[in-house]
Amino acid sequence: MKIKGWKEVFRFTFTQQVKTKSFIVSTIVIALIMALMAFLADFLPVIFLEDELSKAERTVAGEDVFTIETLYINNESGHDFDFTAALSGTNVTVNFISASEADAKIAAIADTTEKAMVSKIILDESGFSVDSRYAGGESGVQKLDGEVLNSKLADSIRIQYLASLGVPEDQIALAMSPVYSSISSAGEEPMSMIKQIVNTVVPMISAIVLFIFIFSYSQLVAQAVAIEKSSRIIEYLLTSIKPLAIILGKVLAMCCVSLMQFVLIGFGGALGFLVSIPFGIVGKVGTMVQAAAPMMTEAAGAAAASGAGAGMDAAVVIGEIGDAFSNVDAGLFIIMIVTFILGFLFYAGIAGLAGASVSKMEDLSSAIQPLSLIGVLGFYLAYFPQISGEQNTMSVVARYMPISSPFILSSDYMLGNIGIAEALVSIAVLAAADIAVMMLVAKVYESVILHTGNRLKLGDMLKMSK
Amino acid sequence: MSLVVEHLSKKFGDHVAVEDLSFSIENPGVFAFLGTNGAGKSTSIRMILGMLSRDSGTVTWKGQPLDIMKEKVGYLAEERGLYPKYNIIEQMYYFASIKGMKKKEATSAIDYLFSRLKIDEYRKKRAEELSKGNQQKVQLAAALLCNPEIIILDEPLSGLDPVNADLFKSIIREERDSGKYIIMSSHQMETIEEFCEDLVLLHHGKVVMRGNLNDIKRERGRENLTVKADKPFGEIAQRCGMTLVEETPNGSDFKVRSEEEAGRMLKEMLESGINVIKFDLREPSLHELFVEKCGGDVNED
């Protein structure tokens with residue numbers, strides 16, 4: 310069936326809508342907010358986790374530059390230790406001192422600018438221990454550096470003690486390497502906490518954002534139809550084009566406007582994120598993961614021993630988040646766009662009918678109440694099952710119901726809750742609902758568009774269209 | 031015959047809006063489509079234009095069913111409007127585009143009509159910023175934009191000041207003279223008489239008068255008499271069988287049964303030495319015909 314004139318309606322509606330101040334201002338403001346939020350979400354953790362990151366970065370990169378420049382060692386263990394090898398490549402100078410000198414030094418560095426640490430090595434019935442005090446005041450010494458140096462001293466003491474007992478080097482290396490362990494459930498693997506958080510937060514945010522876009526622009530369709538009716542411009546339009554062409558052009562134009570705004574705002578967020586990468590947590594952790602990869606595979610023990618634990622922890626977190634978004638691919642973007650368009654057509658079709666049922670703008674708010682009811686019901690159906698972060702019967706129902714699937718399908722696919730086959734079934738159900746709505750619109754809209762007077766109820770509209 | 035409307039009927043539930051409406055417009059000119067408020071004029075026009083489904087009847091144009099998607103039809107609706115928030119020139123280009131006009135063609139038509147209607151200065155204004163009269167000019171321009179062969183004007187002059195009413199009339203005259211088929215609906219009977227030769231009058235959805243206005247008047251004869259004199263002449267009028275309708279400063283209005291009675295009265299007045307200032311025997315006006323056909327039972331809806 311050829312529907313003449315819908316392209317002209319589309320072009321006019323689209324052009325007029327994107328020229329409105331509200332569209333321009335809201336798009337710019339929300340895109341900027343999204344950019345800022347994305348930037349801050351990536352950048353703020355760098356500020357709050359500065360120490361941990363600094364340590365992890367240095368250890369992973371092998372840059373043993375410490376804020377402690379002088380290490381005073383008081384060895385009371387009765388064994389001789391040489392820390393030259395352990396501290397080679399660092400900026401730390403070792404000075405062995407007596408117990409009394411150590412006590413005096415501790416007192417001296419309590420409030421000083423000297424970048425120093427005093428470490429006492431003791432051997433008692435429980436074994437070797439290293440007790441260190443780092444400089445306070447305005448020395449700028451970081452506690453983390455003290456911890457790393459302590460760790461280096463402890464490892465070196467263990468290695469040297471074993472060597473003194475005649476243990477061969479390869480045996481020492483083996484003894485010093487970490488013992489990796491793993492555990493898994495005999496039944497279904499419980500969801501990790503990170504995945505559970507991602508599975509909760511992502512669908513909820515996605516449902517809210519999609520609901521706002523689809524629903525608010527659907528309401529604009531109702532408003533546009535009601536304006537044409539109440540201003541009587543519809544009488545003129547109908548001398549040139551069929552009612553179906555008017556509603557089709559209008560719905561598709563609004564769909565494109567909302568999609569464009571959605572993409573522009575998303576682009577703002579992506580831009581903010583891209584700008585933040587050189588300074589943000591993702592960029593830093595990413596760099597660390599790359600740097601730590603050889604260590605993790607080739608010399609995991611050595612890396613762990615040298616304090617690469619923080620980098621590895623970050624890598625594990627990033628890995629788990631990555632696993633949570635297991636279906637981020639080209640298919641996802643196609644599903645997102647298709648779902649958005651089909652969801653919009655569904656709600657905008659109903660909105661068009663709501664707009665056509667009134668002949669006065671003041672009746673519009675009551676006319677769109679049924680639409681609001683359906684929309685809110687669909688939204689909650691999509692939103693609430695996500696709170697647990699796990700899949701349940703409600704999630705499955707929401708996925709296939711046309712009123713809720715537009716809000717949840719994309720995130721379900723993105724998080725790997727469903728595969729491509731299930732996504733296609735859900736899209737097919739939504740498309741069938743769209744066809745039904747559009748057929749109803751085509752049947753009813755033509756009959757009621759010239760009606761003036763009181764607001765029509767659905768029953769009245771169906772009766773008129775017979 | 032060019033535009034033929036045959037047996038159009040429409041019911042809304044139990045209410046008969048239009049019943050068996052038929053008329054034809056054989057030659058270019060202005061055809062009057064009259065009726066009381068709620069008589070079914072707008073419903074009929076919408077059916078003619080195909081906006082509203084018909085229960086029965088046909089509308090043909092040059093022997094073929096009228097398809098307004100194909101034919102050039104200009105329509106100025108009674109309840110007309112513009113997009114209040116959009117600027118005028120963009121709306122005009124939109125209207126031109128849905129009429130299938132190319133941009134160049136549209137520009138030329140808009141330039142001419144805006145200049146003719148003296149609304150050039152409002153091109154970039156929003157519709158809501160224009161006065162009602164100027165909005166009406168824009169709407170007329172929109173109706174004439176595609177140089178339509180058939181023009182339907184529903185109350186084109188309502189709400190216009192005399193200057194703009196004259197401007198509209200001159201444009202309607204121009205369109206008529208250029209061979210357009212114009213259907214005009216109006217409650218301003220003087221305007222209808224000024225433009226129209228043929229008419230149809232609807233009352234409660236039914237045709238109560240149809241045909242050539244001059245023929246209708248001629249059939250009725252000269253039955254209205256206005257007399258003004260320098261002395262009382264009531265007795266003479268009574269004696270001659272005149273029915274007094276109204277006394278006005280312009281004289282006394284009578285209904286006469288025949289032109290002979292009127293002649294006898296004039297003769298008696300002159301013989302009685304009465305100085306006759308005004309003696310006007312004329313056919314019924316369209317206004318009088320309208321009131322006569324519909325006046326007893328007017329639907330004010």
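As given, the protein sequences belong to chains U and L, one line each in that order. Those letters in the first sequence? Residues 310 to 775, by the numbering used here. Those letters in the second sequence? Residues 31 to 331, by the numbering used here. Using N, Cα and C, we set each Cβ at its ideal position, and we do this for glycine too. It should be emphasised that the depicted structure is a prediction, and the values quoted were computed from it without experimental measurement.
Can you list, in chain order, the residues of its chain with a C-beta nearer than 7 Å to that of residue i? Leave out the 5 residues immediately preceding and following it.
{"i": "R287(L)", "result": "G271"}
{"i": "L316(L)", "result": "M219, I222, E223 and L243"}
{"i": "E385(U)", "result": "A408, K429, I430 and I431"}
{"i": "D141(L)", "result": "none"}
{"i": "G281(L)", "result": "T256, V257, K258 and K308"}
{"i": "G589(U)", "result": "D351, F352 and V355"}
{"i": "S441(U)", "result": "M426, V427, S428, G455 and N459"}
{"i": "M3(L)", "result": "Since the first and last residues shown for chain L are 31 and 331, residue 3(L) lies out of range."}
{"i": "D50(L)", "result": "H37 and S39"}
{"i": "L190(L)", "result": "G163, Q166 and F198"}
In the DSSP assignment, the beta strand (DSSP E) including residue i goes from what residue to what residue?
{"i": "G496(U)", "result": "First-last for G496(U): undefined, no H or E at that position."}
{"i": "R312(L)", "result": "V306 to R312"}
{"i": "Y443(U)", "result": "G436 to Y443"}
{"i": "D283(L)", "result": "G281 to K285"}
{"i": "K258(L)", "result": "N254 to A259"}
{"i": "S127(L)", "result": "S127(L) -> not in any beta strand (DSSP E); alpha helix (DSSP H) instead, spanning I118 to I128."}
Can you name the start and end residues of the alpha helix (DSSP H) that residue i belongs to?
{"i": "V753(U)", "result": "I729 to V757"}
{"i": "H317(L)", "result": "L316 to C324"}
{"i": "S335(U)", "result": "K330 to F357"}
{"i": "T702(U)", "result": "T702 to Y709"}
{"i": "L458(U)", "result": "K452 to S473"}
{"i": "F716(U)", "result": "S714 to M723"}
{"i": "M81(L)", "result": "That residue, M81(L), is in no alpha helix (DSSP H); it is neither H nor E in DSSP."}
{"i": "A254(U)", "result": "Here chain U covers residues 310 to 775 and nothing more, so residue 254(U) does not appear."}
{"i": "A158(L)", "result": "For clarity, residue 158(L) is Glu in the given sequence; the question names Ala instead. Run containing E158(L): none; DSSP gives neither H nor E here."}
{"i": "I246(L)", "result": "L243 to R250"}
{"i": "F198(L)", "result": "P192 to D207"}
Have a look at residue i and residue j and give me their C-alpha separation to the nearest angstrom.
{"i": "S52(L)", "j": "Y545(U)", "result": "24 Å"}
{"i": "L319(L)", "j": "I304(L)", "result": "32 Å"}
{"i": "K129(L)", "j": "P715(U)", "result": "36 Å"}
{"i": "V238(L)", "j": "T324(U)", "result": "49 Å"}
{"i": "L261(U)", "j": "V35(L)", "result": "Coverage of chain U is limited to positions 310 through 775, which leaves residue 261(U) absent and any answer about it impossible."}
{"i": "H760(U)", "j": "D310(L)", "result": "48 Å"}
{"i": "G652(U)", "j": "E158(L)", "result": "34 Å"}
{"i": "F352(U)", "j": "E366(U)", "result": "16 Å"}
{"i": "V327(U)", "j": "E317(U)", "result": "16 Å"}
{"i": "I659(U)", "j": "A531(U)", "result": "8 Å"}
{"i": "I517(U)", "j": "M645(U)", "result": "15 Å"}
{"i": "F649(U)", "j": "V450(U)", "result": "54 Å"}
{"i": "A608(U)", "j": "M426(U)", "result": "At A608(U) the pLDDT is 41, less than 50, meaning the model places this residue with poor confidence; the figure from the coordinates comes in the next sentence. For A608(U) and M426(U), the distance between alpha carbons rounds to 29 Å."}
{"i": "S735(U)", "j": "L641(U)", "result": "14 Å"}
{"i": "I213(L)", "j": "M748(U)", "result": "35 Å"}
{"i": "E277(L)", "j": "F284(L)", "result": "9 Å"}
{"i": "M563(U)", "j": "V193(L)", "result": "42 Å"}
Based on the DSSP secondary-structure assignment, which residues constitute the bridge partners of residue i?
{"i": "D141(L)", "result": "Note: D141(L) sits in no beta bridge, so no partner."}
{"i": "C226(L)", "result": "V60(L)"}
{"i": "H233(L)", "result": "K236(L)"}
{"i": "T379(U)", "result": "T402(U) and A425(U)"}
{"i": "H45(L)", "result": "F42(L)"}
{"i": "I181(L)", "result": "G104(L) and I212(L)"}
{"i": "G163(L)", "result": "According to DSSP, G163(L) bridges with nothing at all."}
{"i": "T273(L)", "result": "K285(L)"}
{"i": "T278(L)", "result": "G281(L)"}
{"i": "T90(L)", "result": "V34(L) and P95(L)"}
{"i": "S54(L)", "result": "V34(L)"}
{"i": "I430(U)", "result": "N384(U) and V439(U)"}
{"i": "G65(L)", "result": "L232(L)"}
Might you give, ordered along the chain, the residues of its own chain that have their beta carbon closer than 6 Å to the beta carbon of residue i, omitting 5 neighbours on each side?
{"i": "S774(U)", "result": "K752, V753 and S756"}
{"i": "G446(U)", "result": "D420 and T421"}
{"i": "Y709(U)", "result": "S735 and V738"}
{"i": "I406(U)", "result": "Y381 and N383"}
Please go through the same chain and pick out, in chain order, the residues whose beta-carbon is closer than 8 Å to the beta-carbon of residue i, but skip the five residues on each side of it.
{"i": "E291(L)", "result": "C270, G271 and M272"}
{"i": "M703(U)", "result": "L690, F693 and P694"}
{"i": "E313(L)", "result": "K247, R248, R250, G251, R252, E253 and N254"}
Item to check | Entirely enclosed beta strand (DSSP E) segments - the region 650–683 of chain U, minimum 3 residues | outcome: none
Item to check | Every unbroken alpha helix (DSSP H) inside the region 519–580 of chain U [4 residues or more] | outcome: 542–546
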